[in-house]
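So the protein sequences, as listed, match chains A and B.
Note that my numbering numbers the first sequence so that position 18 is 10, with each residue one more than the last.
Note that my numbering numbers the second sequence so that position 191 is 277, with each residue one more than the last.
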Amino acid sequence: MTDDAPDLRRLRGDAPARNHDARTIAALTANPGCSRRGLLDAAGVDKQAVADHLGFAPRFGQSQFAITRGNSFEAQVKADGCAALLALLRGDLGLDVPAVTSADLAPRGEGRAARHAETRRALGRALSVGGGALLDHPMLVLDIAGRPAYLEPDVLALQLAGRLHVVEIKSFAVVDGQAEPEQVAAAARQAAVYVLALRRLVAELGHDPQRVAHDVFLVCPQNFSNRPVATPLDVRPQLAVLERQLTRLTRVDAILGELPDELSFALDDALPESVRAVEARYAPECLSSCEMAFFCREEARACGATGSLGRALRDDLGGVESVEAALALAAGAADVPPELAETAERLRLAARLRGEALGTAG
Amino acid sequence: MSALTALARLEAVAARRARPLATVRHCHLSATPLVVIPLRLAGEAGAPLAVMLGGARDEPVLLAVPQPRNRDLRFAFAAELGKVLLEYVEASRGVAEDLGPSKDGEDRVRYTGAPQLVLPNTGGVAFLRLLGRSTRFRRTEGEHAVEPAVPALGRWLTWFAERRDRPGSSLTLALTEALRLHWATGQSSVEDANLAALLGWIDPPDGLDGPAAATIAEDPARTPPAGPATDPKFDNDVLAPAIAAFDEGADGAGERVREALRTQLAPTWELCWRALDLLAALPEGASVAGRWERDRDAFTHFHQTFAEGVPQARRDSAVGAARRLHRLERAQESYEAQRAFDDPLVMAEYRLEGLAFGGTVTEADPERLDESGKRPKLRPRLRVATEDPLRLEPGATVCDAARPKVKGKIVEYGAGEVLVELTGGLGKKLTPEPGTVPEAGARVVFTSVTEGSFGPARFPEHEETPWTHGGPPAEYVPDARDAGEAWS
């Protein structure tokens, strides 16, 4: 496997490639159909820098309080060869956890391909030997839209009784057995990506991919304390969604084929034009997961796209893409195409009822 | 979202300003609310940083924790907050009205007033719920003793949070939610969660339109977030150095933290009062007073049993959970129906769905008698011309939206005309009470929406919980482990 393809390097303007992280994974799963995001991520472009250069700085700053808390919680769980984690799995979940050999695969300056090769070796060893094994900071690769994407998950892969489990350490609290649903959902979507990448790697190594369990372990602080608590999470639904999304993605090559050969996202004067050349599919959910969101929102609003008001609204309008067109239908525009006849009738009725109730009926 | 709301949002995009979604106000507004704006420390579930609160616009009270990781300071904050809240609760209850004895002979009373907490957004409400959870089990004696105001605060906050789950309750208002019930903006629900941006669309400052005001509102440097999360840049650049100075024992460092937090809270304080003004300018819906009376009943009960009560359990028992669900579903149904009866714009949703129809009475036979049975029955008939797409079948029960007690059924429907027979709510005589049967030429709306289709709850007593549901639960007693729970 090559570390990088020349066409993608050109897109980055020779800047170093960025690996997929929790946020790009979230953006991928939240909006798989967006070509702009797909291409920028596949090329490993620094979207933060691009958005900054475009004058739409993303607001994903992290408070140092949150960073400190997250780091100290993770350090606490991982201290002494993950002693606290193993004790949790034995105690809270009643699992039979044997002695565990651990390998820290954290970066030490080598390239992505070298790190992935090391993860591959460590995993291969663990799978053949069996028994307890713990891989920290694995570097995984997942084929996304026809190109290998490097994933740098902040997770552990733990092998118990011949099965590999993804362990995610998160610093949001579980209070009386409940956590914030959005955070759990995001963690589950992320974990599913890692499970899938691990399964592909396990299969490549000639083992049964089902040795990677669909049960992941989520480790969070309990109630208002620092004490960790482990919760098993079945990510089969997220896996199914993800696999479907990945097979339906437009291939990066196809996107590239439509674009001028010299296109580049280098931070220069041509950047706005280059970014606009790649089609985006903006939805309000992008605001929480994609660095490009403010730029794309402005673009969507400028052309009066109904999608900028949310997917539910666009669906209510039966797929009418423009605000102006929808309002014209409501006002009783003539020559309505047959596929919009039903939507038009409903909008006209809504307009009449609104007018009547507000006393503005003509 | 319905096509009606969607249309209102599109109109807002075109007008560059919010458009109404209601013609009346559907929530109660207290003459003496307590505005509460909590902030929490980033990365922590239940670590309060500060709260700005008070009942007078020009006198906000600021309570702050100069070092949010310090347990003692945190409990001191909780005690202070508890005292302010308890004082407010006592001041808000007014006098006890005597309602006369109930069926089983017990004296019933209802306070003339009740507290109303006003928060900027749902995140603030969720944080108060957590703060309630982290303080209500504390004990005032023994190893982990805290001030009495701490567990009292926890029990009251928990009560407010639980009561808020009830549709139509106005004891705790989240302003973003209250505003969104009455106005549609030209932005998505994600962006509407920002109080400043939402207000920017509803009531932009002079010289700006909705989108321009919202852009300013979205920039944390110009408009600090309404909490409970703080702006990360503020955390890193201002708050962290101030807290570090406090840790080093620098002179006036506590005050420096407080003042820093004040700059983040004061703009939202102003926004909250502006939002209340906007809501107050809407005429109150007809059934709002009745729902507030239920809120006062709940408040009276909780207040009067507070002294002998114990902290609310972490989880409901099986029977308790079933009862709660039943109550909430019942409240939901009646809240939705009442809003539709109060507000033609809400009723329009049902007309759009074909569950209501509006039009003009073309023929009325108000004294028609049905003499097919032994005794004649008063069954007036109306013919209503309507353009609405009715989806109700003949025989369906409907009521008059303007007088929901007047019931009827659909006899025929076709060709833009509905024949309705009135069956009840007309008085006891063989001629209808004046004003119950619409005359020819009147505009009417009939609907199948009703409140009260849920019967009374029929659940076993706790001690008779069936084995399928775990059998009778052990009596709930908060224990010392709860009281000593870590709060770090």
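Each residue gets a CB set at the ideal place from its N, CA and C atoms; glycine is no exception.
Check your understanding: For T483 (chain B), which beta-bridge partners are listed by DSSP?
Key -> According to the DSSP secondary-structure assignment, T483 (chain B) is paired through a beta bridge with B:K495.
**Study point:** Within-7 Å CB hit, G354 (chain A) to chain B
**Key:** Interpretation of G354 (chain A) is limited by its pLDDT of 41, a score under 50 that renders its predicted location unreliable; no figure is taken from the coordinates.
Check your understanding: Mapping DSSP to helix, strand and coil, what is E507 (chain B)?
Key -> Under the three-state reduction of DSSP, E507 (chain B) is assigned to strand.
**Study point:** Contacting positions in the segment 492 to 517 of chain B - beta carbon closer than 9 Å to chain A
**Key:** Listed in sequence order: no entries.
Check your understanding: Is it buried or exposed for A361 (chain B), if we count other Cβ within 10 angstroms and need 16 for buried?
Key -> Answer is buried; the Cβ neighbour count reaches 16.
Practice item. May I have a chain-ordered list of the alpha helix (DSSP H) segments no shorter than 4 residues that lie completely inside the segment 279 to 342 of chain B? Key: Taken in chain order, the complete alpha helix (DSSP H) segments of 4 or more residues contained in the segment 279 to 342 of chain B are 281 to 288, 296 to 304, 326 to 333.
Review point. When you compare each of A:H199, A:A171, A:D207 to V159 (chain A) by their alpha carbons, which one comes out closest?
Key: Its Cα nearest to that of V159 (chain A), the residue A:D207 stands out among A:H199, A:A171, A:D207.
Point to revise | F209 (chain A) - DSSP class collapsed to helix/strand/coil | key: Assignment of F209 (chain A) by DSSP, reduced to helix, strand and coil, places it in the strand class.
Review point. Going by alpha carbons, who is nearest to L87 (chain A) out of A:K162, A:G101, A:R273, A:T223?
Key: Checking every option, the nearest Cα to that of L87 (chain A) belongs to A:T223.
Point to revise | As assigned by DSSP and simplified to three states, the class of P50 (chain A) | key: Note: P50 (chain A) maps to coil in three-state DSSP.
Point to revise | Reduced DSSP category for F392 (chain B) - H, G, I as helix; E, B as strand; rest coil | key: Correct three-state label for F392 (chain B): coil.
Practice item. Give the DSSP bridge partners of A450 (chain B), in chain order. Key: According to DSSP, residue pairing for A450 (chain B) in a beta bridge involves B:L468.
Practice item. State the beta-bridge partners of P187 (chain B) as determined by DSSP. Key: Answer by DSSP bridge pairing, in chain order: B:D193.
Review point. Residue range of the beta strand (DSSP E) that F257 (chain A) falls in?
Key: Going by DSSP, F257 (chain A) is part of no beta strand (DSSP E) at all; its letter is neither H nor E.
Review point. At a Cβ threshold of 7 Å, is Q56 (chain A) touching chain B?
Key: It does: the Cβ of Q56 (chain A) has a partner Cβ on chain B nearer than 7 Å.
Check your understanding: For chain A, is any of its Cβ atoms less than 7 Å away from the one on S274 (chain B)?
Key -> So yes, S274 (chain B) belongs to the interface.
Review point. Can you find a CB in chain B that lies within less than 7 Å of the CB of T(-6) (chain A)?
Key: Only weak support exists for where T(-6) (chain A) lies, its pLDDT of 44 falling under 50; the value from the coordinates is given anyway. No, its Cβ sits nowhere closer than 7 Å to a Cβ of chain B.
Practice item. Just the chain B side, please: which residues come within less than 7 Å of G356 (chain A) by C-beta, in chain order? Key: Any property of residue 356 (chain A) remains undetermined from this structure, which presents chain A solely from -7 to 354.
Exercise for review: Can you tell me the Cβ-Cβ gap for N215 (chain A) and E571 (chain B), rounded? I've got them flagged as a contact below 8 Å.
Suggested key: So it is a contact: roughly 6 Å between Cβ atoms.
Review point. Interface residues of chain A around G132 (chain B) at Cβ under 9 Å?
Key: Within chain A, the residues near G132 (chain B) are A165, V167, N215, F216.
**Study point:** Secondary structure of V121 (chain A), DSSP reduced to three states
**Key:** Note: V121 (chain A) maps to helix in three-state DSSP.
Point to revise | Beta carbon of A407 (chain B) nearer than 7 Å to that of P253 (chain B) | key: For A407 (chain B) and P253 (chain B), no; Cβs fall outside 7 Å.
Review point. CA-CA distance, P490 (chain B) and Y436 (chain B)?
Key: Cα-Cα distance, rounded: 15 Å.
Practice item. Report the rounded CA-to-CA distance for E277 (chain A) versus R293 (chain A), giving the unit in angstroms. Key: If I take the Cα positions, the gap works out to 15 Å.
Review point. Do three or more CB pairs link the segment 94 to 113 of chain B to the segment 175 to 183 of chain B at distances below 8 Å?
Key: The way I'd put it, the segment 94 to 113 of chain B doesn't touch the segment 175 to 183 of chain B; fewer than three beta-carbon pairs between them come closer than 8 Å.
Practice item. My understanding is that A22 (chain A) touches S281 (chain A), with C-beta atoms under 8 Å, so please give their C-beta distance in whole angstroms. Key: Yes, A22 (chain A) and S281 (chain A) are in contact; Cβ-Cβ is about 5 Å, under 8 Å.
Review point. In whole angstroms, what is the alpha-carbon distance linking R241 (chain B) and C485 (chain B)?
Key: Note on geometry: alpha-carbon atoms of R241 (chain B) and C485 (chain B) lie some 42 Å from one another.
Exercise for review: Go through its chain and collect everything with a Cβ distance to L152 (chain A)'s Cβ below 7 Å, but skip five positions before and after it.
Suggested key: The answer, listed in chain order, is L87, V89, G124.
Practice item. Taking L365 (chain B) as the reference, give the member of B:R410, B:L265, B:T386, B:V343 with the closest Cα. Key: For the set B:R410, B:L265, B:T386, B:V343, the Cα lying nearest the Cα of L365 (chain B) is the one of B:L265.
Practice item. Measure the CB-CB distance between L46 (chain A) and S256 (chain A) and report whether it falls below 7 Å. Key: Not in contact: L46 (chain A) and S256 (chain A) (Cβ atoms no closer than 7 Å).
Check your understanding: In three-state terms, what does DSSP make of G354 (chain A)?
Key -> A caution first: G354 (chain A) carries a pLDDT of 41, below 50, which makes its placement in the model unreliable, though a value can still be read off. If DSSP states are grouped into helix, strand and coil, G354 (chain A) belongs with coil.
Exercise for review: Tell me the start and end of each unbroken alpha helix (DSSP H) in the segment 265 to 322 of chain A that is at least 4 residues and wholly inside, in chain order.
Suggested key: Correct list: 285 to 294, 303 to 308, 315 to 322.
**Study point:** Proximity below 7 Å, CB of P119 (chain B) to CB of V204 (chain B)
**Key:** Yes; because the gap between Cβ atoms is below 7 Å, this pair is in contact.
Exercise for review: Please name the residues in the segment 424 to 440 of chain B whose beta-carbon is closer than 7 Å to at least one beta-carbon of chain A, in chain order.
Suggested key: Hits within the stretch, in order: P430, L431, A434, R437, L438.
Review point. Count the other CB atoms within 10 Å of the CB of W577 (chain B); is the residue buried (16 or more) or exposed (fewer)?
Key: In this structure chain B extends from 87 to 574, so residue 577 (chain B) is not present and cannot be described.
Review point. Between V99 (chain B) and chain A, is there a C-beta pair that is closer than 7 Å?
Key: Chain A contact via Cβ: present.
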